[in-house]
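For reference, the structure discussed in these notes is given below.
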Amino acid sequence: MAPISSPTGTSASAMSSHLYSIYGKLSNQPASYDRKGRYKFGRPLGAGTYGIVKAATVIDTSEPVAIKVILKKKVQGHESMVQEELDLLRRLNHPHIVGFRDWFESREKYYIVTQLATGGELFDRIVERGKYTEKDAVQTVKEVLEAVDYLHSLNIVHRDLKPENLLYLTPAADSPLVLADFGIAKTLTSENEALTTMAGSFGYAAPEVLLRTGHGKPCDIWSLGVITYTLLCGYIPFRSENVQEFILEVRENGVIFHDKYWKDISQEAKEFILCMLSVDPSKRSTTSELLKHKWISGVTATTNDLLPNIREGFNARSKFQQAIEAVRLANKIKALGLDDDDDDDDASPPQKCSIPGVVATDHSDSSVSTTDSSAEPTASTSSLGLPQTNRRKSSFGSKGNATLIFQEVVKSVTRMKSASNLLGDEREEPEKK
Numbered sequence: 000m001a002p003i004s005s006p007t008g009t010s011a012s013a014m015s016s017h018l019y020s021i022y023g024k025l026s027n028q029p030a031s032y033d034r035k036g037r038y039k040f041g042r043p044l045g046a047g048t049y050g051i052v053k054a055a056t057v058i059d060t061s062e063p064v065a066i067k068v069i070l071k072k073k074v075q076g077h078e079s080m081v082q083e084e085l086d087l088l089r090r091l092n093h094p095h096i097v098g099f100r101d102w103f104e105s106r107e108k109y110y111i112v113t114q115l116a117t118g119g120e121l122f123d124r125i126v127e128r129g130k131y132t133e134k135d136a137v138q139t140v141k142e143v144l145e146a147v148d149y150l151h152s153l154n155i156v157h158r159d160l161k162p163e164n165l166l167y168l169t170p171a172a173d174s175p176l177v178l179a180d181f182g183i184a185k186t187l188t189s190e191n192e193a194l195t196t197m198a199g200s201f202g203y204a205a206p207e208v209l210l211r212t213g214h215g216k217p218c219d220i221w222s223l224g225v226i227t228y229t230l231l232c233g234y235i236p237f238r239s240e241n242v243q244e245f246i247l248e249v250r251e252n253g254v255i256f257h258d259k260y261w262k263d264i265s266q267e268a269k270e271f272i273l274c275m276l277s278v279d280p281s282k283r284s285t286t287s288e289l290l291k292h293k294w295i296s297g298v299t300a301t302t303n304d305l306l307p308n309i310r311e312g313f314n315a316r317s318k319f320q321q322a323i324e325a326v327r328l329a330n331k332i333k334a335l336g337l338d339d340d341d342d343d344d345d346a347s348p349p350q351k352c353s354i355p356g357v358v359a360t361d362h363s364d365s366s367v368s369t370t371d372s373s374a375e376p377t378a379s380t381s382s383l384g385l386p387q388t389n390r391r392k393s394s395f396g397s398k399g400n401a402t403l404i405f406q407e408v409v410k411s412v413t414r415m416k417s418a419s420n421l422l423g424d425e426r427e428e429p430e431k432k
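Residue numbers for the sequence shown follow numbering that gives the first Met the number 0, so the first one is 0 and each next one is one higher.
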């Protein structure tokens, strides 16, 4: 076969997409598959039931992005979930919400591309500061509240608000805080629609979510209340370890502000939190009401340094969570079969190309093989119905790394117990409700 020619003066990304387009046609890939050539895939960032999230780079601009890879066989019969997530992300445009960038698909996977926040998680940034005050907390909560208010104005419920989903876009000191992970977000069909599926993360999920009595926008308000409480003292307001104990705790004890950690924090801050942590969702304030609250203006916020108390409760928990998440990520990647194999469906175009002056680059990512070809779309058809618009081996599965992670978990448990003891009996005695 004669060498395939390509227009001169094209960018590396365009050339790579051209290769993917040729390869896609030869291997019967969907029409959008050539867009995979615009990205250089990197390390795994997380994994879930349906797939994995990987760091990547836009070849032409060097912009860091996150690419969510969803295995089609995992969502077979429920492809509408992917469509709904795409539709939702494409609607969003807010400075404090991670931005949608692109989507494409192969025969066996869907890919969703968003901004990659590289500035770290909210609590990590706080602990790194030299000083952290209530006024700083006001600014942080206001940014998150504005993002949630925007979502609620579109009848969207995030359903998984937690510190791990609050990220700084860049490492810069003035970087905006952005809300991420819309995997379980839902668009309500009406203002009064009640969702009954389990959602969120224990510790931040509202009582009505855990009890499955029906939830909507107020569940985000509860989660924001837990986040605000934690931002001001370094620990979450409820200590129960299972649903039954949690429900009993919130109903009988309510929210407790322990004097040692709250004596230097304004009364308005406590009132603001109580507006969000009512067990009855109908009694919680709305985002628009919270934005008008006196505390969010910052006028009454104190300037005392809260960092020593926050570090006391946060450091051990953070180390513990990071170790646990590393283990979970390793297990999920292994269970999905995305740790080491490479199938024909998503393999990169041949690396030894015959286009003069082009250096072939490995843009392939780990993939999973399947023999199901019955639902394969043709090269000109998107199974989502949307308009067509270095291979890296995971080291998480190695025995040595698993041992190191286990050791870190053990050490972190010890630190966590020590931090818990620091709170001691004082956290058992209510100072104010």
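Each residue gets a CB set at the ideal place from its N, CA and C atoms; glycine is no exception.
DSSP, reduced to helix, strand and coil, places Val126 within a helical segment of the structure shown. A straight line joining the alpha-carbon of Ser281 with that of Cys218 spans about 10 Å. Under the three-state reduction of DSSP, Asp180 is assigned to coil, being neither helix nor strand. Every unbroken stretch of the alpha helix (DSSP H) spanning 4 or more residues and falling wholly within the stretch 148-225 is given here in chain order: 206-210.
The C-beta separation of Leu160 from Ser222 comes to about 4 Å, placing the pair in contact by the 8 Å criterion. In this chain, Arg34 is not harboured by any alpha helix (DSSP H), its DSSP state being neither H nor E.
For Leu230, the three-state secondary structure derived from DSSP is helix.
Cβ-Cβ separation between Thr286 and Val147: approximately 5 Å, consistent with a contact (criterion under 8 Å). Within the same chain, and ignoring the five residues on either side of Val143 in sequence, the residues whose Cβ sits closer than 8 Å to its Cβ are His95, Leu160, Leu165, Leu176, Leu178, Leu223 and Ile226. Under the 10 Å beta carbon count, Val242 is surrounded by fewer than 16 other beta carbons and is classified as exposed. Within the same chain, and ignoring the five residues on either side of Asn191 in sequence, the residues whose Cβ sits closer than 8 Å to its Cβ are Gly215. Between the alpha carbons of Glu288 and Met275 lies a gap of roughly 11 Å. Setting aside the 5 residues that flank it on each side, Lys134 is surrounded in the same chain by Gly297, Ala300, Thr301 and Thr302, each with a C-beta closer than 8 Å to its C-beta; the list follows chain order. Around the beta-carbon of Asp86, fewer than 16 other beta-carbon atoms lie within 10 Å, marking it exposed. With fewer than three CB-CB distances shorter than 8 Å, the stretch 110-129 does not count as touching the stretch 249-266. Using a Cβ distance threshold of 8 Å, Ile66 and Tyr38 count as a contacting pair. Distances from the CA of Val137 to each of Ser277, Ser265 and Val156 were compared; the closest alpha carbon is that of Ser265. Around Ile272, the same chain offers Gly224, Thr227, Tyr228 and Val254 as residues with beta carbons nearer than 7 Å, after the five sequence neighbours per side are excluded. Residue pairing by DSSP puts Leu70 in a beta bridge opposite Lys108. For the 8 Å CB-CB criterion, Phe99 and Leu91 form a contact. Burial check for Leu153: the Cβ neighbour count within 10 Å stays below 16, so the residue is exposed. Sequence-distant Cβ neighbours of Thr195 in its own chain, meaning closer than 7 Å and more than five residues away, are Arg211 and Gly213. Cβ-Cβ distances below 7 Å link Glu207 to Gly213, His214, Cys218 and Pro280 in the same chain, with the five nearest sequence neighbours on each side left out; the list follows chain order. Taking 8 Å as the cut-off, the Cβ atoms of Lys73 and Gly50 count as close. Leu115 and Arg106 have their C-alpha atoms some 25 Å from each other. Per the coordinates, the alpha-carbon of Pro63 lies some 11 Å from the alpha-carbon of Gly118. For the set His292, Val278 and Leu247, the Cα lying nearest the Cα of Ala268 is the one of His292. If you draw a straight line from the Cα of Ser239 to the Cα of Leu168, it comes to about 33 Å.
Annotated as distal: Gly41 and Thr60, with beta-carbon spacing of 8 Å or more. Each residue's CA atom was taken as its position, placing Lys141 and Asn27 some 49 Å apart.
Note on geometry: alpha-carbon atoms of Arg158 and Phe181 lie some 8 Å from one another. For Asp101, the three-state secondary structure derived from DSSP is strand.
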